[in-house]
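Undergrad:
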Amino acid sequence: MFGYYFQLGMRSLRRNPVLTGLMVIAIGFGVAASMITYSVFRVVSANPIPHKSSQLFTALIDNRGPQYNEKGEPPEALTYTDANALIRAHKAPRQTLFYQVALAVLPEGERSLPTKAIGYATNADFFGMFDVPFQYGTPWPAQMDERRAAVVVLSHELNQQLFGGANSVGRDIDLSGHTYRIVGVTGHWDPKPRYFDLFDGSAFDDPPQIYIPFNRADDLKIDTAGRNNCGGAPNTGVGSGREGWLHGECSWIPVWVQLDTPAQVAAYRSFLEGYAADLQRAGRFSWAPNVRLRNVTNWLSFEDVVPPESRIALIVALGFFVICLVNTIGLLLAKFMRRSAEIGVRRALGAPRREIYSQFLIEAGTVGAAGGVLGLLLTAVGVGGVGLLFAPDIARLAQVDLSLMLLTLLLAILATVVAALYPTWRAAKVQPAWQLKSN
Amino acid sequence: MQIGPILVALRRHKAGTTLIALQIALTLAIVCNALFIIQQRLVRVDRPSGVQETNLFVIQNDWPQKLSPQDADARMRADLQALRGLSSVQDASSSNSFPLRGSGWDNFVRMTPEQVKMTTDTAIFFSDEHTLATLGTRLIAGRNFRSEEVGSQGGTDPMHARQIIVSKGLAQLLFPHDSALGKTVYVSGDNAPSTIIGVTDTLQAHMTGLWAQAYAYNALLVPARLTGDSTFYLVRARPGQLADAMRQAKAALYAQTRMRMIPPHDGVMTFAQVRERAYDADYGMAILMGIICAVLLVITAAGIVGLTSFWVGQRRRQIGVRRALGARQRDILGYFLTENLLITLGGVLLGIVLALSMNLWLVLRLGVQPLSLTYLAAGVVLLLLLGQGAVLAPAMKASRVPPVEATRSV
Numbered sequence: 001m002f003g004y005y006f007q008l009g010m011r012s013l014r015r016n017p018v019l020t021g022l023m024v025i026a027i028g029f030g031v032a033a034s035m036i037t038y039s040v041f042r043v044v045s046a047n048p049i050p051h052k053s054s055q056l057f058t059a060l061i062d063n064r065g066p067q068y069n070e071k072g073e074p075p076e077a078l079t080y081t082d083a084n085a086l087i088r089a090h091k092a093p094r095q096t097l098f099y100q101v102a103l104a105v106l107p108e109g110e111r112s113l114p115t116k117a118i119g120y121a122t123n124a125d126f127f128g129m130f131d132v133p134f135q136y137g138t139p140w141p142a143q144m145d146e147r148r149a150a151v152v153v154l155s156h157e158l159n160q161q162l163f164g165g166a167n168s169v170g171r172d173i174d175l176s177g178h179t180y181r182i183v184g185v186t187g188h189w190d191p192k193p194r195y196f197d198l199f200d201g202s203a204f205d206d207p208p209q210i211y212i213p214f215n216r217a218d219d220l221k222i223d224t225a226g227r228n229n230c231g232g233a234p235n236t237g238v239g240s241g242r243e244g245w246l247h248g249e250c251s252w253i254p255v256w257v258q259l260d261t262p263a264q265v266a267a268y269r270s271f272l273e274g275y276a277a278d279l280q281r282a283g284r285f286s287w288a289p290n291v292r293l294r295n296v297t298n299w300l301s302f303e304d305v306v307p308p309e310s311r312i313a314l315i316v317a318l319g320f321f322v323i324c325l326v327n328t329i330g331l332l333l334a335k336f337m338r339r340s341a342e343i344g345v346r347r348a349l350g351a352p353r354r355e356i357y358s359q360f361l362i363e364a365g366t367v368g369a370a371g372g373v374l375g376l377l378l379t380a381v382g383v384g385g386v387g388l389l390f391a392p393d394i395a396r397l398a399q400v401d402l403s404l405m406l407l408t409l410l411l412a413i414l415a416t417v418v419a420a421l422y423p424t425w426r427a428a429k430v431q432p433a434w435q436l437k438s439n
Numbered sequence: 001m002q003i004g005p006i007l008v009a010l011r012r013h014k015a016g017t018t019l020i021a022l023q024i025a026l027t028l029a030i031v032c033n034a035l036f037i038i039q040q041r042l043v044r045v046d047r048p049s050g051v052q053e054t055n056l057f058v059i060q061n062d063w064p065q066k067l068s069p070q071d072a073d074a075r076m077r078a079d080l081q082a083l084r085g086l087s088s089v090q091d092a093s094s095s096n097s098f099p100l101r102g103s104g105w106d107n108f109v110r111m112t113p114e115q116v117k118m119t120t121d122t123a124i125f126f127s128d129e130h131t132l133a134t135l136g137t138r139l140i141a142g143r144n145f146r147s148e149e150v151g152s153q154g155g156t157d158p159m160h161a162r163q164i165i166v167s168k169g170l171a172q173l174l175f176p177h178d179s180a181l182g183k184t185v186y187v188s189g190d191n192a193p194s195t196i197i198g199v200t201d202t203l204q205a206h207m208t209g210l211w212a213q214a215y216a217y218n219a220l221l222v223p224a225r226l227t228g229d230s231t232f233y234l235v236r237a238r239p240g241q242l243a244d245a246m247r248q249a250k251a252a253l254y255a256q257t258r259m260r261m262i263p264p265h266d267g268v269m270t271f272a273q274v275r276e277r278a279y280d281a282d283y284g285m286a287i288l289m290g291i292i293c294a295v296l297l298v299i300t301a302a303g304i305v306g307l308t309s310f311w312v313g314q315r316r317r318q319i320g321v322r323r324a325l326g327a328r329q330r331d332i333l334g335y336f337l338t339e340n341l342l343i344t345l346g347g348v349l350l351g352i353v354l355a356l357s358m359n360l361w362l363v364l365r366l367g368v369q370p371l372s373l374t375y376l377a378a379g380v381v382l383l384l385l386l387g388q389g390a391v392l393a394p395a396m397k398a399s400r401v402p403p404v405e406a407t408r409s410v
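Residue numbers (this note's numbering), protein chains in the order written: chain A, 1 to 439; chain B, 1 to 410.
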């Protein structure tokens, strides 16, 4: 019967082209608006590392105190002193620290101009903790952190640009006037949002291009290219110049630890509190320990990484879709009730209510499918033009893929069938005798 | 026109009536909020920067090697000399940031050295004696920096400024009842006093985020070149020579030394581009809301046309009877218009509640401002007109049903 009802549905669509057209357009626009905004929203609100998001934690220590901290929360990164102390203490199975660096890549040819490469000064654990894939070579071993070695890991994209994608491991490269040995080339790696570096506001930036050892960057006195938050307290620097800044209370280095079991989490938390308590005893802090250990999901929601524009747009688009559905309910009601006589005949000839239900729901499904196809076209156009609607860094996240296409169709059909429930119920209630009599 | 019979008839069409009313309610809720969001965003986009934006452009310059503060300062001064020497350039200045840039350096301002909580937050622009002329921003009190007052400071040094120039907005926030000129405030990293020697006309901060709404016009000029790894050159072209100046400036900088990096895509931007970039999310929001509003109104109108046409079709016989009993065409027309007015009024009442609750949610969760009642009123009028307009065609059709219809069976 499905095939027959489907045919009936198609025929009925052609019978009232205006009414049908209205429904299809309403559903098409409704589903497209929802999908375009959802295509952005699903990326900005995604969990970028689902299998590990409850094992990776950022460690935060309040070095401002209740007078100067923001609403009782510690700053979003650590000071140079604290970050190094946590890494040296080595109380977690894996731990990393990093800051953004912008280095000049000096190509071999004398006539070419230097170009800027942005990345991180970090340590060996970074790559394993954040699941960085490698195309060539490996991360540098932990000993190289100790030896403060001049090594570098390039991104897939930078390696493509500089070496045409060839295996460059073992070659030397000049970065801002210093030579580094290439030990690895990452695969394409661009987690969105970039959960580990929300401090720098880099959630949706271009992927990092280079990674060098933190200790090496420190020796070369490479300044941060990211954010530097000295807070509101006066006299945060001890003296002036780089040394004063390093040993002052400016926060600029995020620290992440990997903790695999609840016991490890508890132990690390008490270690952090102990560390802050020691500083209180030593007189650097005049307040009780105020530390945080936030995992990836907690950190993403605390930092409110989803742009408000994206959220408002999704809500408004969904509201729009609901209106389109209410509209469809009304139009389907009109369409179905017009055919009371036909329903009466079918019922009189012995069709049970169930048959009426399936006929009209399948017809509604046909309308929904047509709306879905229109919605798909509009979504494709809309995602292409999404650059008009969102900032470029957000807009390019929107992509039409198979799952989005299937979702569009499914949503259109399902929503229309749900919208058809009430009109169909009314249609099935038609009294056969009543209809036959008046004809 | 008697309302009684209409209400009785509507009771027999509960479903259709409810659906139209619900649709109108939801449309009102969304359209009011969307129009209000559009207006809010456009107000933000339209606010003045205090900069004479035509003929101004910005060059981002990064040094590929670590320079000593002295070297960096010398190179910056040489670059500025070269830029100012160009025939197409009127003036040029270096800065760490500029209005509308989005990110930059901001400091808390205090009135006394002991004060704990800040009085306000302000953008810090490292400037020289050419900065105001380059931006095209006037002084409204006091004086500009003198060239001998302009020093230099390293990128990681705490800011120390003995003499500062503040924007009108900042001056009014700090000294609402008094002239700011000659007063001292505490803004430096070393907690030493800074004396205000000049007050500019309106000048916007680099911060454009909603969080910084209260500080949007707080700008503070420090007489120093910031000698970090990177700097911006603000350049004012002579009138009509913007394109030439942009090309010549880049060439002139590379002629000084090729050991510099000017990003290929956005290394040289006109101020118009800076403005566009600062507000692209706002433009996007306004466009999206505009499209949604327009389509929504069309769909709601179409829904009313569809359902009313159906009702007219259902009631041909009754209309025929009324006509046969002496009702004029305009009585039938009036009937359907009044019917629609009643339904729309019901929908609008529910819609007002929905619109206000949706707005409340947006205010609480997403920092949107409370809905202005003008928008609500405008939305109500818009939907009443929309309903009447949409129902007009089916109602006209109904009014043309001939009285002879009464004698025919359905």
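Quick reminder that beta carbons are idealized off the backbone N, C-alpha and C, glycines included.
(1) Can you have a look at Y254/B and say buried or exposed, based on whether 16 or more other CB atoms are within 10 angstroms of its CB?
(2) Tell me, to the nearest whole angstrom, how far the beta carbon of A252/B is from that of L86/B; I am working on the premise that it is less than 8 Å.
(3) Comparing C-alpha positions only, which one of D190/A, P74/A, F127/A and L103/A sits nearest to Q95/A?
(4) Closest to L272/A by CA distance: which of F2/A, Y4/A and L86/A is it?
(5) Closer than 8 Å, Cβ to any Cβ of chain A: which residues of the segment 25-43 of chain B, in chain order?
(6) Since F29/A meets chain B, which of its residues come closer than 8 Å, beta carbon to beta carbon?
(7) How about the segment 294-310 of chain A and the segment 44-54 of chain A: do they share at least three Cβ pairs that are nearer than 8 Å?
(8) Identify the contact partners of Q67/A in chain B, using a Cβ-Cβ distance below 9 Å as the criterion.
(9) For my contact list, Q209/A and S155/A are in at a C-beta cut-off of 8 Å; report their separation, rounded to the angstrom.
(10) So with CB distances below 8 Å, who are the chain B contacts of R42/A?
(11) Whose Cβ in chain B lies nearer than 9 Å to the Cβ of N84/A?
(12) Hey, quick one: how far does the alpha helix (DSSP H) through W299/A stretch, first residue to last?
(13) Just the Cα atoms here: how many angstroms apart are A393/B and I299/B?
(14) Give a yes or no on whether 8 Å exceeds the smallest Cβ distance from A252/B to chain A.
(15) Suppose you measure from the CA of T134/B to the CA of G347/B; what does that come to, to the nearest Å?
(16) Span of the alpha helix (DSSP H) holding F442/A?
(17) Does A412/A get closer than 8 Å to chain B when you measure Cβ to Cβ?
(18) Apply the 10 Å Cβ neighbour rule to V296/A and answer buried if 16 or more other Cβ atoms are within range, or exposed otherwise.
(19) In chain A, which residues lie with their C-beta within 8 Å of the C-beta of M259/B?
(20) List the whole-angstrom C-beta distance separating Y279/B from R44/B, where the pair is believed to meet the contact cut-off of C-beta under 8 Å.
(21) Anything in the segment 296-321 of chain A with a Cβ closer than 9 Å to a Cβ of chain B? List those residues in chain order, please.
(22) In whole angstroms, what is the alpha-carbon distance linking G25/B and L360/B?
(23) Residues of chain B with CB closer than 8 Å to the CB of A428/A, please, in chain order.
(24) Output, in sequence order along the chain, the residues in the segment 89-105 of chain A whose CB is closer than 9 Å to any CB in chain B.
(25) Beta-carbon separation of F285/A and F196/A under 8 Å?
(26) Could you please give the first and the last residue of the uninterrupted alpha helix (DSSP H) stretch that includes I292/B?
(27) Kindly identify the DSSP beta-bridge partner or partners of V45/B.
(28) Would you decide whether T79/A is buried or exposed? Buried here means 16 or more other CB atoms lie within 10 Å of its CB.
(29) From what residue to what residue does the beta strand (DSSP E) around I253/A run?
(30) Smallest Cα separation from I253/A: which of D205/A, G165/A and Y120/A?
(31) Is A224/B helix, strand or coil by DSSP?
(32) Please decide whether G371/A counts as near chain B, where near means a Cβ-Cβ distance under 8 Å.
(33) For A245/B, report the span of its alpha helix (DSSP H) as first-last.
(34) Would you kindly check if the distance between the Cβ of A180/B and the Cβ of T122/B is under 8 Å?
(35) In chain order, what are the residue ranges of uninterrupted beta strand (DSSP E) at least 3 long that sit wholly in the segment 154-230 of chain B?
(36) From what residue to what residue does the alpha helix (DSSP H) around D219/A run?
TA: Checking against the coordinates, here is how it stands:
(1) exposed
(2) 6 Å
(3) F127/A
(4) L86/A
(5) L26, T27, A29, I30, N33, A34 and I37
(6) V295 and I299
(7) yes
(8) V116 and K117
(9) 5 Å
(10) Near R42/A there are no residues of chain B at all, since even the closest Cβ is about 17 Å away, more than 8 Å.
(11) None at all; the shortest Cβ gap to chain B is about 17 Å.
(12) V296 to F302
(13) 16 Å
(14) no
(15) 56 Å
(16) Residue coverage of chain A in this structure runs from 1 to 439, which leaves residue 442/A outside it and unanswerable.
(17) no
(18) buried
(19) P114
(20) 7 Å
(21) P307, P308, E309, R311, I312, A313, I315, V316, A317, G319 and F320
(22) Looking at the sequence shown, residue 25/B is not Gly but Ala. Their Cα atoms are separated by approximately 16 Å.
(23) None at all; the shortest Cβ gap to chain B is about 14 Å.
(24) A102, L103, A104 and V105
(25) no
(26) D280 to Q314
(27) BP columns for V45/B are empty, so no partner.
(28) buried
(29) S251 to I253
(30) Y120/A
(31) strand
(32) no
(33) L242 to Q256
(34) no
(35) 163-166, 184-186, 193-200 and 219-227
(36) F214 to D219
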